[in-house]
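One structure is given below, encoded as structure tokens.
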Amino acid sequence: MAKEQSEMNKVQMIEETDKAWYRLMKTLEQEPANDYWEQADRKGGIPAASKERVETYRLQEELNTAQGSALIESGAAASGMKLENEVHVDRGAAQAAQAVHNSPAAKPRKRGSGRARKWTALAAAAAVAAVVTVTPAGNKALASILGQFRMEQVTEVNEKDMEQLFNSVFQSGISDKEINRFGTFTVETGKGYGELTAQEATKEAGVPMLPESVTGKQQHIYVSPGSKLSLTMKVNEINKVMKQLGASKLFPTSIDGKTITLESSPIVYYNVALGNKDIVGNLSQTRVPSVSIDDTADVHEALEAVIQFPLLPQQLKESLQQSQFLTTGEIPLPVFTQDGTQTQQIAIGQTKVLLNTHHYQDSKQLEAIWVKDDSLFTYSIYINNEQTGAEKQFRTKLQELVEA
């Protein structure tokens with residue numbers, strides 16, 4: 001049964017590649033479901049006794065790397081780019097992932113809890129591709145002059161702003177002709193790793209593992225694949241659309257035909273319990289994504305075109321204006337948030353942390369995102385509204401993780 005399901009998933013991934021734009025719009029409207037999280041919400045968090053199920057869910061996340069790649073494809077298609085997708089999914093990881101009874105892709109999720117986790121690492125690449133896709137050279141070309149930059153500035157971007165941007169570009173829908181005239185995307189996804197030792201995880205992901213004195217003993221460590229996204233642009237066609245949307249500043253011809261590459265590393269997953277061990281949080285760690293481009297591109301002109309673009313989300317615009325990427329090599333890393341999500345920026349020592357609270361009828365999700373020492377982290381838990389002490393425990397554990 002698991003073997004047949006694995007093959008079905010592979011077929012589905014191929015079909016999804018050809019329907020990137022359709023999936024993008026659906027992604028904006030609904031989330032995949034996972035009955036386990038729903039049950040955990042109702043029962044008041046994730047009990048330590050269910051740790052094995054959480055670990056199995058982790059492995060399912062590896063299979064969902066194909067979905068993460070699909071998000072990148074979706075962002076590409078939404079910006080009017082041709083997709084040439086190369087997805088490689090490790091067979092063993094795919095089969096092991098079927099141990100989860102209810103696949104997260106089974107049906108629409110009623111609660112918007114999964115998307116924010118996907119905007120870490122691999123998904124961060126998708127976020128950047130999607131958020132600034134109308135100016136596809138923009139947020140990537142600004143990373144050009146030194147050839148390579150690191151996405152280390154966590155920036156909140158509202159989903160509705162992104163949706164408005166896409167709808168403005170493709171008012172009459174999208175066609176193959178529309179896709180092909182703007183440029184070419186190539187997406188490559190690495191192999192799956194499955195269960196690894198701490199030493200193996202460090203080697204494959206390129207990040208030092210956090211100490212078990214902070215994370216707790218890790219019985220199983222899972223690592224999902226990295227990805228590489230390349231974009232070659234047709235600037236004249238892109239500029240035509242920008243003019244139609246009211247842009248007064250266009251992209252320089254030096255961007256035409258240049259290939260921009262966005263790389264994200266493999267992701268390490270941990271299970272991190274709170275102080276009383278009754279609730280287990282989910283922690284992911286990866287190297288910050290990097291962007292590279294031909295150094296003959298005119299970065300200054302491209303940046304101005306991005307900042308002055310009328311439909312660019314305000315939060316991202318402000319982040320770009322404040323960015324010192326030409327001297328520090330750091331560029332914004334957008335994190336999507338939904339309407340109704342309570343978001344705040346906090347500081348733990350010298351580290352800035354984006355803290356999101358997603359409220360539901362009888363529970364809530366707490367999620368923290370931060371960058372430290374070239375690593376991107378996301379830590380989240382689900383708690384019952386009656387567990388008044390859990391939020392304090394979450395913040396205590398968050399501080400330990402950030403300071404580790």
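Residues in the sequence shown are numbered from 1 upward in steps of one, following UniProt numbering. Cβ atoms here follow ideal geometry from the backbone N, Cα and C, with glycine treated the same way.
Within the same chain, show all residues whose beta-carbon is closer than 6 angstroms to that of Gly183, passing over the 5 residues directly before and after it, in chain order.
As a position in the sequence shown, residue 183 is number 183, starting the count at 1. These residues qualify, in order along the chain: Met81, Thr232, Met233 and Lys234.
Is the distance from the Cβ of Ser227 to the Cβ of Gly190 below 9 angstroms?
For the purposes of this step, residue 227 is taken as the residue at position 227 of the sequence shown. For the purposes of this step, residue 190 is taken as the residue at position 190 of the sequence shown. For Ser227 and Gly190, yes; Cβs fall inside 9 angstroms.
Measuring only the C-alpha atoms, how far is Lys372 from Pro289?
Residue mapping note: residue 372 aligns to position 372 of the sequence shown, counting from 1. Residue mapping note: residue 289 aligns to position 289 of the sequence shown, counting from 1. Looking at the two C-alpha atoms, the distance is approximately 13 angstroms.
Could you compute how far the alpha carbon of Ile348 sits from the alpha carbon of Val241?
The sequence position of residue 348 within the sequence shown is 348, counting from 1. The sequence position of residue 241 within the sequence shown is 241, counting from 1. In this structure, the alpha-carbon of Ile348 lies about 43 angstroms from that of Val241.
According to DSSP, is Ala347 helix, strand or coil?
Numbered from 1 along the sequence shown, position 347 holds the residue referred to as residue 347. Strand, per DSSP.
Mapping DSSP to helix, strand and coil, what is Trp21?
Position 21 of the sequence shown, counting from 1, holds the residue named residue 21. Its pLDDT being 36, under 50, Trp21 is placed unreliably in this model, and the coordinates cannot settle the point.
Assuming Lys243 is part of the alpha helix (DSSP H), what are its boundary residues?
Within the sequence shown, residue 243 is the residue found at index 243, counting from 1. That run of the alpha helix (DSSP H) goes Val235 to Gln244.
Measuring alpha carbon to alpha carbon, tell me which residue in Ala198, Ile383, Ala390 and Tyr269 is nearest His359.
Position 359 of the sequence shown, counted from the start, is the residue given in the question as residue 359. Of the candidates Ala198, Ile383, Ala390 and Tyr269, the one whose C-alpha sits nearest the C-alpha of His359 is Ile383.
Check Val280 in the structure and name its three-state DSSP category.
Mapped onto the sequence shown, residue 280 falls at position 280. DSSP, reduced to helix, strand and coil, places Val280 within a strand of the structure shown.
For Asp256, which residues from the same chain have a beta carbon less than 8 angstroms from its beta carbon, with the 5 sequence-adjacent residues on both sides left out?
Within the sequence shown, residue 256 is the residue found at index 256, counting from 1. The residues are Met233, Lys234, Val235 and Asn236.
Between the alpha carbons of Asp374 and Ile221, how many angstroms are there, rounded?
Along the sequence shown, read from residue 1 onward, the residue named residue 374 stands at position 374. Along the sequence shown, read from residue 1 onward, the residue named residue 221 stands at position 221. Spanning the two alpha carbons is a distance of roughly 20 angstroms.
Count the other CB atoms, across all protein chains shown, that sit within 10 Å of the CB of Pro225; report buried if there are 16 or more and exposed otherwise.
Residue 225 sits at position 225 when you count from the first residue of the sequence shown. When all chains shown are included, Pro225 counts as buried.
Start and end of the alpha helix (DSSP H) containing Leu398?
Locating residue 398 in the sequence shown gives position 398, counting from the first residue. Note, Leu398: alpha helix (DSSP H), Ala390 to Glu403.
List the whole-angstrom C-beta distance separating Ser230 from Thr197, where the pair is believed to meet the contact cut-off of C-beta under 8 angstroms.
As a first step, residue 230 is located in the sequence shown; it is residue number 230 there, counting from the start. As a first step, residue 197 is located in the sequence shown; it is residue number 197 there, counting from the start. 32 angstroms between Cβ atoms; not a contact.
Does the region 243 to 263 come close enough to the region 199 to 207 that 3 or more CB-CB pairs lie under 8 angstroms?
no
Please work out which residues of its chain come closer than 8 angstroms, Cβ to Cβ, to Glu400, disregarding the five sequence neighbours upstream and downstream, and give them in chain order.
For the purposes of this step, residue 400 is taken as the residue at position 400 of the sequence shown. Closer than 8 angstroms at Cβ, skipping near neighbours: Val214.
Does the pairing of the region 292 to 301 with the region 259 to 272 give three or more beta-carbon distances under 8 angstroms?
yes
Cβ atoms of Val402 and Thr351: under 9 angstroms apart, would you say?
Within the sequence shown, numbered from 1, the residue matching residue 351 stands at position 351. Within the sequence shown, numbered from 1, the residue matching residue 402 stands at position 402. Contact flag set, yes.
For Gln285, which residues from the same chain have a beta carbon less than 6 angstroms from its beta carbon, with the 5 sequence-adjacent residues on both sides left out?
To locate residue 285, count along the sequence shown from 1; it is residue 285. Within the same chain, Val207, Val268, Ser375 and Phe377 come within 6 angstroms of Gln285 by CB-CB distance, once the 5 residues on both sides are set aside.
Are the Cβ atoms of Ala390 and Leu274 separated by less than 9 angstroms?
For the purposes of this step, residue 390 is identified with residue 390 of the sequence shown, where counting begins at 1. For the purposes of this step, residue 274 is identified with residue 274 of the sequence shown, where counting begins at 1. Yes, the pair counts as a contact, with Cβ atoms nearer than the cut-off.
What separation, rounded to the nearest whole angstrom, lies between the Cα atoms of Arg395 and Pro310?
Start at 1 with the first residue of the sequence shown, and residue 395 comes out as number 395. Start at 1 with the first residue of the sequence shown, and residue 310 comes out as number 310. In this structure, the alpha-carbon of Arg395 lies about 38 angstroms from that of Pro310.
May I have the straight-line CA-CA distance separating Ile279 from Val272, to the nearest angstrom?
Position 279 of the sequence shown holds residue 279. Position 272 of the sequence shown holds residue 272. Approximately 9 angstroms between the Cα atoms of the pair.
DSSP state of Gln285, grouped into three classes?
Sequence index remark: in the sequence shown, residue 285 carries index 285 (1-based). Gln285: strand per DSSP, three-state reduction.
Give the DSSP-derived three-state secondary structure of Thr341 in the structure shown.
Taking the first residue of the sequence shown as position 1, residue 341 is located at position 341. Looking at Thr341 - three-state DSSP - the assignment turns out to be coil, as it is neither helix nor strand.
Pull up the distance between the alpha-carbon of Gln361 and that of Leu354, whole angstroms please.
Within the sequence shown, the letter at position 361 stands for residue 361. Within the sequence shown, the letter at position 354 stands for residue 354. Between Gln361 and Leu354, the C-alpha separation is close to 23 angstroms.
Report back the beta-carbon spacing between Ser254 and Thr296 to the nearest angstrom; my notes put them in contact at under 8 angstroms.
Position 254 of the sequence shown holds residue 254. Position 296 of the sequence shown holds residue 296. Ser254 to Thr296, Cβ: 6 angstroms. Contact.
Can you tell me whether Ala302 is buried or exposed, with buried defined as 16 or more other CB within 10 angstroms of its CB?
In the sequence shown, counting from the first residue as 1, residue 302 sits at position 302. Classification of Ala302: buried, given that the 10 Å Cβ count is 16 or more.
Under three-state DSSP, which class holds Glu212?
Indexing the sequence shown from 1 puts residue 212 at position 212. If DSSP states are grouped into helix, strand and coil, Glu212 belongs with the helices.
How is Ser254 classed by DSSP in three states: helix, strand or coil?
As a position in the sequence shown, residue 254 is number 254, starting the count at 1. Here Ser254 sits in helix by DSSP.
Contact defined as beta carbons within less than 8 angstroms: I believe Gly281 pairs with Lys397. What is the distance between those atoms, to the nearest angstrom?
To locate residue 281, count along the sequence shown from 1; it is residue 281. To locate residue 397, count along the sequence shown from 1; it is residue 397. With a Cβ gap of about 7 angstroms, Gly281 and Lys397 count as contacting.
Check Glu188 in the structure and name its three-state DSSP category.
As a first step, residue 188 is located in the sequence shown; it is residue number 188 there, counting from the start. Of the three classes helix, strand and coil, the one that applies to Glu188 here is strand, per DSSP.
When the Cα atoms are used, what is the spatial distance from Gln344 to Ile369?
Locating residue 344 in the sequence shown gives position 344, counting from the first residue. Locating residue 369 in the sequence shown gives position 369, counting from the first residue. Computed Cα separation, rounded: 11 angstroms.
Going by beta carbon distance, what residues of the same chain come within less than 8 angstroms of Gln308, once the five residues before and after it are set aside?
To locate residue 308, count along the sequence shown from 1; it is residue 308. Only Ala247, Ser248 and Lys249 meet the Cβ criterion.
Quick one: residues in its chain with C-beta nearer than 6 angstroms to the C-beta of Glu318, no 5 flanking neighbours on either side, listed in chain order?
Here residue 318 is taken as the residue at index 318 of the sequence shown, counted from 1. Here the set comprises nothing.
According to the Cβ coordinates, are Glu200 and Val223 closer than 9 angstroms?
As a first step, residue 200 must be located in the sequence shown, where it is residue number 200. As a first step, residue 223 must be located in the sequence shown, where it is residue number 223. In this structure, Val223 lies closer than 9 angstroms to Glu200 by Cβ.
Evaluate residue 407 with the Cβ neighbour count: other Cβ atoms within 10 Å of its Cβ, from every protein chain shown; 16 or more gives buried, anything less gives exposed.
Given a span of 1 to 404 for the chain in the structure shown, any question on residue 407 remains unanswerable.
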